[in-house]
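Reading through the structure tokens given below for one structure.
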Amino acid sequence: MSADVVSRTVGTRTIIELDGVRKTYATGTIAVEALRGIDATITEGEYVAIIGPSGSGKSTLMHILGCLDVPTEGRYELAGRDVSDLEETELAHIRNAEIGFVFQQFNLLPDLTALRNVALPLVYAGVGPHEREQRARRALERVGLADRADHRPGELSGGQQQRVAVARALVTEPAMILADEPTGNLDSVSSADVLALFRELHDSGRTIVLITHENDVAAQADRVLRIHDGELAS
Amino acid sequence: MSWLETLRTAGAAIRAHRLRSLLTMLGIVIGISSVVLTVGLGLGAQDQVRSQINALGSNLLIVSPGSSTGSTGVRGGFGSAASLTQADADAIADKSVAPDVARVAPATSTSTSLTNGTTNWTTKIVGTTTTWEKVRKRTLSSGRFFTADELSTGANVVVLGSDTASELFSRGNPVGQTVTADGTALTVIGVLAESGASSDDSNEDDVAVVPITTAQRLSGSTSNALASVYVEATSSDTLSAAYQEVNAALLTAHDVTSSSADFSIATQDALLSTANSTNKTMTILLAGIAAISLLVGGIGVMNIMLVSVTERIREIGLRKALGATPGAIRRQFLLEASLLGVAGGAIGAAIGVVGAMVLPSFINQPVSVSAPAIAAALGVALGLGVGFGVYPASRAARLTPIDALRNE
Ligand SMILES: Nc1ncnc2c1ncn2[C@@H]1O[C@H](COP(=O)(O)OP(=O)(O)OP(=O)(O)O)[C@@H](O)[C@H]1O
Ligand SMILES: [Mg+2]
Numbered sequence: 001m002s003a004d005v006v007s008r009t010v011g012t013r014t015i016i017e018l019d020g021v022r023k024t025y026a027t028g029t030i031a032v033e034a035l036r037g038i039d040a041t042i043t044e045g046e047y048v049a050i051i052g053p054s055g056s057g058k059s060t061l062m063h064i065l066g067c068l069d070v071p072t073e074g075r076y077e078l079a080g081r082d083v084s085d086l087e088e089t090e091l092a093h094i095r096n097a098e099i100g101f102v103f104q105q106f107n108l109l110p111d112l113t114a115l116r117n118v119a120l121p122l123v124y125a126g127v128g129p130h131e132r133e134q135r136a137r138r139a140l141e142r143v144g145l146a147d148r149a150d151h152r153p154g155e156l157s158g159g160q161q162q163r164v165a166v167a168r169a170l171v172t173e174p175a176m177i178l179a180d181e182p183t184g185n186l187d188s189v190s191s192a193d194v195l196a197l198f199r200e201l202h203d204s205g206r207t208i209v210l211i212t213h214e215n216d217v218a219a220q221a222d223r224v225l226r227i228h229d230g231e232l233a234s
Numbered sequence: 001m002s003w004l005e006t007l008r009t010a011g012a013a014i015r016a017h018r019l020r021s022l023l024t025m026l027g028i029v030i031g032i033s034s035v036v037l038t039v040g041l042g043l044g045a046q047d048q049v050r051s052q053i054n055a056l057g058s059n060l061l062i063v064s065p066g067s068s069t070g071s072t073g074v075r076g077g078f079g080s081a082a083s084l085t086q087a088d089a090d091a092i093a094d095k096s097v098a099p100d101v102a103r104v105a106p107a108t109s110t111s112t113s114l115t116n117g118t119t120n121w122t123t124k125i126v127g128t129t130t131t132w133e134k135v136r137k138r139t140l141s142s143g144r145f146f147t148a149d150e151l152s153t154g155a156n157v158v159v160l161g162s163d164t165a166s167e168l169f170s171r172g173n174p175v176g177q178t179v180t181a182d183g184t185a186l187t188v189i190g191v192l193a194e195s196g197a198s199s200d201d202s203n204e205d206d207v208a209v210v211p212i213t214t215a216q217r218l219s220g221s222t223s224n225a226l227a228s229v230y231v232e233a234t235s236s237d238t239l240s241a242a243y244q245e246v247n248a249a250l251l252t253a254h255d256v257t258s259s260s261a262d263f264s265i266a267t268q269d270a271l272l273s274t275a276n277s278t279n280k281t282m283t284i285l286l287a288g289i290a291a292i293s294l295l296v297g298g299i300g301v302m303n304i305m306l307v308s309v310t311e312r313i314r315e316i317g318l319r320k321a322l323g324a325t326p327g328a329i330r331r332q333f334l335l336e337a338s339l340l341g342v343a344g345g346a347i348g349a350a351i352g353v354v355g356a357m358v359l360p361s362f363i364n365q366p367v368s369v370s371a372p373a374i375a376a377a378l379g380v381a382l383g384l385g386v387g388f389g390v391y392p393a394s395r396a397a398r399l400t401p402i403d404a405l406r407n408e
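So the sequences go chain by chain: A and B. For the first sequence, UniProt numbering begins at 1 and goes up steadily by one. For the second sequence, UniProt numbering begins at 1 and goes up steadily by one.
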């Protein structure tokens, strides 16, 4: 079953395999080629940074990795299975249990408190309300926002919202964390906290892929992928 | 995700968007309460008309001797031939012959002058049986009608019409007093309440009703000829069936064909067809008004649902990104729409029912509550809400999370 599509044991198993992945956006008459043939392999437990200029296709790539979008061309294999072969419910399960995604735009629900936003993935994981609250509270503590649990996103600063988004990605304890500029809005102290958190998760065997502009953030990773104009630089 | 969890999510979403939820419900509330009230007003008016007509005897058939079928109008000696007898009345009263006939009242009719002391008044003496009171839908303002005993013994008792009573007894209660007809003293045992109606160009309130046995004795006639037989059908719906049965029974009894029939049957035809066409017009009118109010309410619900789902496509995208299956999304929106629909529907129905109870004291019109109207209105409102709430949501649930999240 899809439950063990992504295993948590550190090893040499290939977890992500991209083969000639292209993504073309058709806006009106102009077609934007956001990704032009990406080939890449990420091993289980690896800590990978993706770095590249604005508009180079980092977010587009990350969405495909997170099974949130589909490539126009090419193949994406997650733990040995072609993602295009997976059923909607299997995809939903993978997004829920195996992947923690931090959006560049946070994407918090404005009507829910920070706590409820963080607990949302657990709702779809079938976790009961009581345990949900406890786990969401713990995740908020880990990003240093325990005292903002009952605030709505509109009552939080950009950096605080970003940390809520990080907490939401952690709450299910997924095998893989995909973070799109998770420190983009953070000061150096909270940025260091979040990076320490990722390091800790990495040490416990999680695969981490993060996007960044900053070289010192990228330096945290085992490996850096440089993307330029929709292509990986070797 | 369990239904309970979905219910929690849906409830939270409704609470989070109080204004939007309220507006949706308002559409349903207005739609349903107006349907309940318009239909209730119409049905109330219909019932009122029907009961007024029933009071006049919409179930009534009047069998008369002689024939009025010929193209030249009255044929034969109308009312003069002894072609209608007690035997005919008995035949019609036989349930196995005419199952749609409820009661039968044979009647003789003679014009006689009654005297009370020096007061003299000429009226129609009707000799009949105890069923007459029910068949003619008459009530008594005082006293009582004659009994079966008085009928079989041919007792000298009389029940006076209200006009007859006031002509003969200008003051005091006539019950217990005596009037004289052709030298026979009759005890007044009751006075009929005003009927307010007149038929056959005669005043229904100027009569003197006596047992048929007494009437035969008074007139000194030995024949059992009847002036008419009043027949009450089991309901206004079975009137035409009763007509057929009575007609067939009499044709057989008299051994004649319909072209040579020596009797005729009259109904309150004009009254009935007027009532029926009024009812039909009213029903169509009301159905129209109800349909329009439903449409207006429905369009309101539809709009708010469409707008709110469109607003929430980003939310659908995010929920999918966090692991919601399309089924979970569909169930959430289905429950949200149903909760709003049921709550709005219940409030609307309650307002309608309360209105139906309160309104009559203001507008002096009966308002009856129709369960089918409430059910239909609820069904339409729920259907529209769910249809226009769930359909776009389930379409959005099929998008990739990113496409849904990008939706503005
Ligand atoms: N929905 C879309 N429709 C059309 N073009 C798009 C769409 N999304 C992205 N693009 C284009 O694809 C290219 C890559 O966009 P992407 O968001 O992946 O860049 P990025 O590397 O994440 O940039 P940044 O660092 O600014 O976040 C850009 O040229 C962008 O304009
Ligand atoms: Mg980006």
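Backbone N, C-alpha and C fix where the C-beta goes; we use that ideal spot for every residue, glycine too. Quick caveat, the model's predicted, so the values are computed rather than measured.
(message) With a threshold of 8 Å (Cβ to nearest heavy atom), would A:D180 be considered close to ligand 1?
(response) In the first sequence, counting from the first residue as 1, residue 180 of chain A sits at position 180. Flag set: Cβ of A:D180 near ligand 1.
(request) For B:A321, return the contacting residues in chain A, with the cut-off set at a CB-CB distance below 7 Å. (result) Against the second sequence, residue 321 of chain B aligns to sequence position 321. Near B:A321 (Cβ distances below 7 Å), the residues of chain A are L68, R95, F101.
(message) Please list the terminal residues of the continuous alpha helix (DSSP H) segment that includes B:V390.
(response) The residue you call residue 390 of chain B lines up with position 390 of the second sequence. That run of the alpha helix (DSSP H) goes 371 to 396.
(message) Less than 8 Å separating the Cβ of B:I292 from some heavy atom of ligand 2?
(response) One-based indexing of the second sequence puts residue 292 of chain B at position 292. Incorrect: B:I292 has no Cβ contact closer than 8 Å to ligand 2.
(request) Quick one: residues in its chain with C-beta nearer than 7 Å to the C-beta of A:P121, no 5 flanking neighbours on either side, listed in chain order? (result) One-based indexing of the first sequence puts residue 121 of chain A at position 121. Cβ within range, chain order: N96, R168, V171, T172.
(message) Helix, strand or coil, according to DSSP, for B:P211 in the structure here?
(response) Looking up residue 211 of chain B in the second sequence gives position 211. In the three-state reduction of the DSSP assignment, B:P211 falls in the strand class.
(request) Output the residues surrounding ligand 1, defined as those with a CB atom closer than 5 Å to any ligand heavy atom, in chain order. (result) Residues close to ligand 1 by the beta carbon criterion (under 5 Å to any non-hydrogen atom) are, from first to last along the chain, A:Y25, A:T27, A:V32, A:A34, A:S54, A:G55, A:S56, A:G57, A:K58, A:S59, A:T60.
(request) Can you have a look at A:G20 and say buried or exposed, based on whether 16 or more other CB atoms are within 10 angstroms of its CB? (result) As a first step, residue 20 of chain A must be located in the first sequence, where it is residue number 20. Here A:G20 is exposed: its Cβ has fewer than 16 other Cβ atoms, across all protein chains shown, within 10 Å.
(message) Which residues in chain A have a C-beta closer than 7 Å to the C-beta of B:P326? List them in chain order.
(response) Taking the second sequence and counting its residues from 1, one reaches residue 326 of chain B at position 326. Neighbours of B:P326 on chain A, chain order: E88.
(request) Assign B:M357 to buried or exposed, taking buried as 16 or more other Cβ atoms, counted over all protein chains shown, within 10 Å of its Cβ. (result) The count along the second sequence starts at 1 and reaches residue 357 of chain B at position 357. Under this definition B:M357 is an exposed residue.
(message) Quick check on B:E408 - is its C-beta less than 9 Å from some C-beta in chain A?
(response) Counted from its first residue, the second sequence places residue 408 of chain B at position 408. No, B:E408 lies away from the interface with chain A (no Cβ there is under 9 Å from its Cβ).
(message) According to DSSP, simplified to helix, strand and coil, what is A:V217?
(response) Taking the first residue of the first sequence as position 1, residue 217 of chain A is located at position 217. Helix.
(request) Return the chain-ordered list of same chain residues with a C-beta closer than 6 Å to the C-beta of B:I351, the five sequence neighbours on each side being excluded. (result) Here the question's residue 351 of chain B lines up with position 351 in the second sequence. Excluding residues within five positions, the ones whose Cβ falls inside 6 Å are S33.
(message) If I follow the unbroken alpha helix (DSSP H) through A:E88, where does it start and stop?
(response) Position 88 of the first sequence, counted from the start, is the residue given in the question as residue 88 of chain A. Run containing A:E88: 88 to 93, per the alpha helix (DSSP H) assignment.
(request) Check A:T60 in the structure and name its three-state DSSP category. (result) One-based indexing of the first sequence puts residue 60 of chain A at position 60. Secondary structure of A:T60 (DSSP, three-state): helix.
(request) Please name the residue, chosen from B:T110, B:V207, B:D255, that lies closest to B:R136 on a Cα-to-Cα basis. (result) Along the second sequence, read from residue 1 onward, the residue named residue 136 of chain B stands at position 136. Closest option to B:R136, Cα to Cα, is B:V207.
(message) Let me confirm a value: B:T129 is counted as buried when at least 16 other C-beta atoms fall within 10 Å, else exposed. Which label applies?
(response) Start at 1 with the first residue of the second sequence, and residue 129 of chain B comes out as number 129. Buried: at least 16 other Cβ atoms inside 10 Å.
(message) I'd like to know if A:L120 contacts chain B, where contact means its C-beta is closer than 9 Å to some C-beta of that chain.
(response) Here residue 120 of chain A is taken as the residue at index 120 of the first sequence, counted from 1. Chain B contact via Cβ: present.
(request) Output the boundary residues of the alpha helix (DSSP H) element that contains A:D193. (result) Within the first sequence, the letter at position 193 stands for residue 193 of chain A. Here the alpha helix (DSSP H) through A:D193 covers 188 to 203.
(request) Return the bridge partner residues of B:W121 from the DSSP annotation. (result) Against the second sequence, residue 121 of chain B aligns to sequence position 121. B:L114.
(message) Under 9 Å, Cβ to Cβ, is there at least one residue of chain B near A:L111?
(response) As a first step, residue 111 of chain A is located in the first sequence; it is residue number 111 there, counting from the start. Per the sequence shown, the amino acid found at residue 111 of chain A is Asp instead of Leu. With 9 Å as the cut-off, A:D111 counts as an interface residue toward chain B.
(request) Note down, in chain order, all residues in the segment 47 to 74 of chain A with a beta-carbon under 7 Å from any beta-carbon belonging to chain B. (result) Residues H63, L68, D69, V70.
(message) So, does the segment 95 to 111 of chain A touch the segment 146 to 155 of chain A, judging by three or more C-beta pairs under 8 Å?
(response) Yes: the two stretches touch, three or more of their Cβ pairs being nearer than 8 Å.
(request) Check the C-beta distance from B:A215 over to B:I125 and give it rounded, since I have them as a contact under 8 Å. (result) As a working mapping, residue 215 of chain B is identified with position 215 in the second sequence. As a working mapping, residue 125 of chain B is identified with position 125 in the second sequence. At roughly 6 Å, the Cβ-Cβ gap stays under 8 Å, so B:A215 and B:I125 are in contact.
(message) Quick check: is any heavy atom of ligand 2 less than 8 Å from the C-beta of A:Q104?
(response) Looking up residue 104 of chain A in the first sequence gives position 104. Remark: the shortest separation between the CB of A:Q104 and any heavy atom of ligand 2 falls under 8 Å.
(request) Starting from the C-beta of A:I208, find all residues in its chain whose C-beta is less than 6 Å away, skip the five residues before and the five after it, and write them out in chain order. (result) For the purposes of this step, residue 208 of chain A is taken as the residue at position 208 of the first sequence. Closer than 6 Å at the Cβ level, and outside the excluded window around A:I208, lie Y47, I177, F198, H202.
(request) Give me the Cα-Cα distance between B:W121 and B:G154, rounded to the nearest whole angstrom. (result) For the purposes of this step, residue 121 of chain B is identified with residue 121 of the second sequence, where counting begins at 1. For the purposes of this step, residue 154 of chain B is identified with residue 154 of the second sequence, where counting begins at 1. Between the C-alpha atoms of B:W121 and B:G154 there is a straight-line separation of about 23 Å.
(request) Give the residues of chain A in contact with B:T400, contact being defined as C-beta atoms less than 8 Å apart. (result) Sequence index remark: in the second sequence, residue 400 of chain B carries index 400 (1-based). Residues of chain A passing the Cβ test: L68, D69, V70.
(request) Report the residue from B:L226, B:E167, B:A241 whose alpha carbon sits nearest the alpha carbon of B:S83. (result) Numbered from 1 along the second sequence, position 83 holds the residue referred to as residue 83 of chain B. The option with the nearest alpha carbon to B:S83 is B:L226.
(request) Under 7 Å between beta-carbons, which chain A residues line up against B:A16? List them in chain order, please. (result) Counted from its first residue, the second sequence places residue 16 of chain B at position 16. Think of a sphere of 7 Å around the beta carbon of B:A16: the chain A residues whose beta carbon falls inside it are D111, in chain order.
(request) Give me the Cα-Cα distance between A:A218 and A:V194, rounded to the nearest whole angstrom. (result) Translated into the one-based positions of the first sequence, residue 218 of chain A becomes position 218. Translated into the one-based positions of the first sequence, residue 194 of chain A becomes position 194. If I take the Cα positions, the gap works out to 13 Å.
(message) List, in chain order, every chain A residue whose beta-carbon is nearer than 7 Å to that of B:E336.
(response) Your numbering for residue 336 of chain B matches position 336 in the second sequence. Under the 7 Å cutoff, chain A gives no residues; its nearest Cβ is about 13 Å from B:E336.
(message) Can you tell me where the alpha helix (DSSP H) holding A:A125 begins and where it ends?
(response) One-based indexing of the first sequence puts residue 125 of chain A at position 125. Here A:A125 belongs to no alpha helix (DSSP H), and DSSP marks it neither H nor E.
(request) Taking only the alpha-carbon atoms, compute the straight-line gap between B:L359 and B:Q365 and give it to the nearest angstrom. (result) The residue labelled residue 359 of chain B in the question sits at position 359 within the second sequence. The residue labelled residue 365 of chain B in the question sits at position 365 within the second sequence. In a straight line, the C-alpha of B:L359 is about 8 Å away from that of B:Q365.
(request) Would you mind reading off the limits of the beta strand (DSSP E) that contains B:V157? (result) Taking the second sequence and counting its residues from 1, one reaches residue 157 of chain B at position 157. Looking at the DSSP string, the run of the beta strand (DSSP E) that includes B:V157 is 157 to 160.
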